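Here the sequence shown is numbered in the UniProt record's numbering, starting from 1 and rising by one per residue. Note that the Cβ used here is the ideal one computed from N, Cα and C, for glycine as well. The model shown is predicted, which means the values in this text are computed figures rather than measured ones. I have placed the structure first, in the form of structure tokens, so that the comments after it can refer back to it.
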Amino acid sequence: MRWCPAPAGGILTSHERPQSPTCPRNGEQTMQRRSDERVRALLDALLEGRVSPGLAERVAGGLGLPERGRYAVAVLRRAGRHEPVRAALDVGGMRFWWRTRAEREIAVVALGDRGPAELAEVLTARCCGPGGISPVVEGLAELDRARRLAEAALLTCVAGSTRIVRLEERLTTALLVSQPELSARLVTEVFGPLLTLEPAERALLVETLDAWLECGGSAGRAAGRLFCHRNTVFNRLRRLEALTSRSLSRPRELIEMTLALDAFRLTAAGSPAGRA
Numbered sequence: 001m002r003w004c005p006a007p008a009g010g011i012l013t014s015h016e017r018p019q020s021p022t023c024p025r026n027g028e029q030t031m032q033r034r035s036d037e038r039v040r041a042l043l044d045a046l047l048e049g050r051v052s053p054g055l056a057e058r059v060a061g062g063l064g065l066p067e068r069g070r071y072a073v074a075v076l077r078r079a080g081r082h083e084p085v086r087a088a089l090d091v092g093g094m095r096f097w098w099r100t101r102a103e104r105e106i107a108v109v110a111l112g113d114r115g116p117a118e119l120a121e122v123l124t125a126r127c128c129g130p131g132g133i134s135p136v137v138e139g140l141a142e143l144d145r146a147r148r149l150a151e152a153a154l155l156t157c158v159a160g161s162t163r164i165v166r167l168e169e170r171l172t173t174a175l176l177v178s179q180p181e182l183s184a185r186l187v188t189e190v191f192g193p194l195l196t197l198e199p200a201e202r203a204l205l206v207e208t209l210d211a212w213l214e215c216g217g218s219a220g221r222a223a224g225r226l227f228c229h230r231n232t233v234f235n236r237l238r239r240l241e242a243l244t245s246r247s248l249s250r251p252r253e254l255i256e257m258t259l260a261l262d263a264f265r266l267t268a269a270g271s272p273a274g275r276a
């Protein structure tokens, strides 16, 4: 997915200064506004990867940030929201700068000594998902890479999901979404016979496999989640094995089945009610 900058606007910084009612000088306000617009444009350039000599240093000076430091990027899907996210400023030692796009909210976050897991907690408590969070990068010059990785994390969220996820917890799924042609081929090769079933039967088998995997391979726990007898779980899994010609007891074939399940859920053929 190519990311394109929108017109300047929509940035929220933790260094915004309230205007004093006793000295509202129009000239100073105009200069400040133009300066803010320049910083916004420079930050967009970093996020897009248009890095030039001295660019990161100029952004650091404009935002009052270290050029080298611990940063992350979060990308939230707006999903019909008309009002941009204006939340989570200076929370837990982290500082936030927001950029608004047509279908995205992008946050550049100075983490301090915090990590992506704590950032996810802050955003989950204050923002609507779905969203993706990048790993830590070590400077402003790496914001483009962080933004692309956050986008990859966001793309792992199935339709209807409201979770805000870290790339580290979605690496294998991110690999699938980054290679859609191969992912589609994987689904066809592994789940091909499954795709010929009636939708209700297919959904039942997929749901059973998903529950069994989520329960660590325990048929008893999966049965509790699915409100059925454990023998029913075993029977459905055996049906899956017969259809796919793969055994869930063979590690390599189990990996294929697991990856195919993730790829299936991320395609139009997959259930929109899949896990987040």
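- Task: Would you kindly work out how many angstroms separate the C-alpha atoms of C215 and R221, rounded to a whole number?
- Result: Mapped onto the sequence shown, residue 215 falls at position 215. Mapped onto the sequence shown, residue 221 falls at position 221. If you take the alpha carbons of C215 and R221, they lie about 6 angstroms apart.
- Query: With distances taken from CA atoms, which of L213, A159, L63 and R145 is nearest I133?
  - Reply: Counted from its first residue, the sequence shown places residue 133 at position 133. Answer by Cα proximity: R145.
- Can at least three beta-carbon pairs, one atom from the stretch 147-162 and one from the stretch 113-122, be found at a separation below 8 angstroms? no
- Separation of A242 from V73, as counted between CA atoms: The residue given as residue 73 occupies position 73 in the sequence shown. The residue given as residue 242 occupies position 242 in the sequence shown. Roughly 44 angstroms separates the two Cα atoms.
- Item | Same chain, Cβ closer than 7 angstroms to R78, five either side skipped, listed in chain order | Working through the sequence shown from its first residue, we reach residue 78 at position 78. Same-chain partners within the cutoff: E103, R104 and E105.
- Query: Quick one: Cα of E256 to Cα of V75, how far?
  - Reply: As a working mapping, residue 256 is identified with position 256 in the sequence shown. As a working mapping, residue 75 is identified with position 75 in the sequence shown. Taking the straight line from one Cα to the other gives about 30 angstroms.
- Sequence-distant residues of its chain with Cβ nearer than 6 angstroms to P116 (five each side left out): Working through the sequence shown from its first residue, we reach residue 116 at position 116. Excluding residues within five positions, the ones whose Cβ falls inside 6 angstroms are A72, I133 and R166.
- Task: Pull up the CB-CB distance for A219 and F234, whole angstroms please, since I reckon it's below 8 angstroms.
- Result: Locating residue 219 in the sequence shown gives position 219, counting from the first residue. Locating residue 234 in the sequence shown gives position 234, counting from the first residue. Indeed, because the Cβ distance is near 6 angstroms, the residues count as touching under 8 angstroms.
- Task: With distances taken Cα to Cα, identify the nearest neighbour of I164 among E198, E181, A56 and G129.
- Result: Translated into the one-based positions of the sequence shown, residue 164 becomes position 164. Residue G129 is the option with its Cα nearest to I164.
- For the beta strand (DSSP E) containing L76, list its first residue and its last residue. By one-based count along the sequence shown, residue 76 stands at place 76. It spans R68 to R77 - the beta strand (DSSP E) in which L76 sits, taken as one unbroken run.
- Query: Any idea which residues DSSP pairs E105 with across the strands?
  - Reply: Within the sequence shown, residue 105 is the residue found at index 105, counting from 1. Beta-bridge pairing links E105 to L76 and T100.
- Buried or exposed: which applies to R114, given that a residue is buried once 16 or more other Cβ atoms fall within 10 Å of its Cβ? Stepping through the sequence shown from its first residue, residue 114 is reached at position 114. With 16 or more other Cβ atoms within 10 Å, it is buried.
- Beta-carbon proximity list for G168, same chain, < 8 angstroms, skipping 5 on both sides: Locating residue 168 in the sequence shown gives position 168, counting from the first residue. The question names Gly, but residue 168 in the sequence shown is Glu. Here the set comprises P116 and P135.
- Query: Which same chain residues, not among the five before or five after L186, have their C-beta less than 7 angstroms away from its C-beta?
  - Reply: Against the sequence shown, residue 186 aligns to sequence position 186. Taken in chain order, the residues that qualify are L259, A260 and A263.
- Taking just the CA atoms, how far does L213 sit from E207? Residue 207 sits at position 207 when you count from the first residue of the sequence shown. Residue 213 sits at position 213 when you count from the first residue of the sequence shown. The alpha-carbon atoms of E207 and L213 are separated by roughly 10 angstroms.
- Query: Of the residues L111, L43, A141 and S247, which one's Cα is nearest the Cα of R70?
  - Reply: Counting from 1 along the sequence shown, the entry for residue 70 is found at position 70. Here the closest residue by C-alpha is L111.
- Task: Counting only the same chain and skipping the five closest in sequence on each side, list residues whose C-beta sits under 6 angstroms from that of T173.
- Result: Locating residue 173 in the sequence shown gives position 173, counting from the first residue. Taken in chain order, the residues that qualify are T156 and D262.
- In this structure, what does DSSP give as the bridge partners for M94? The count along the sequence shown starts at 1 and reaches residue 94 at position 94. M94 is bridged to V91.
- Which same chain residues, not among the five before or five after T267, have their C-beta less than 8 angstroms away from its C-beta? Within the sequence shown, numbered from 1, the residue matching residue 267 stands at position 267. Same-chain partners within the cutoff: S183, A184 and V187.
- In angstroms, rounded to a whole number, what distance separates the CA positions of E253 and T244? Here the question's residue 253 lines up with position 253 in the sequence shown. Here the question's residue 244 lines up with position 244 in the sequence shown. Each residue's Cα considered, the two are about 10 angstroms apart.
- Message: So the candidates are A152, G92 and R99; which of them puts its Cα closest to the Cα of L176?
- Response: Counting from one through the sequence shown, the residue named residue 176 turns up at place 176. Nearest of A152, G92 and R99 to L176, Cα basis: A152.
- Item | 8 angstroms contact criterion, which P236 and L204 should meet: CB distance rounded | Here residue 236 refers to the residue found at position 236 when the sequence shown is read from its first residue. Here residue 204 refers to the residue found at position 204 when the sequence shown is read from its first residue. It should be noted that the sequence gives Arg, not Pro, for residue 236. Yes, R236 and L204 are in contact; Cβ-Cβ is about 7 angstroms, under 8 angstroms.
- Message: Residues in the same chain with beta-carbon distance under 6 angstroms from A107, minus the five sequence neighbours each way, listed in chain order, please.
- Response: To locate residue 107, count along the sequence shown from 1; it is residue 107. The residues are A74, F96 and W98.
- Residues bridged to I133 (per DSSP): Taking the first residue of the sequence shown as position 1, residue 133 is located at position 133. Paired residue(s): A74 and R166.
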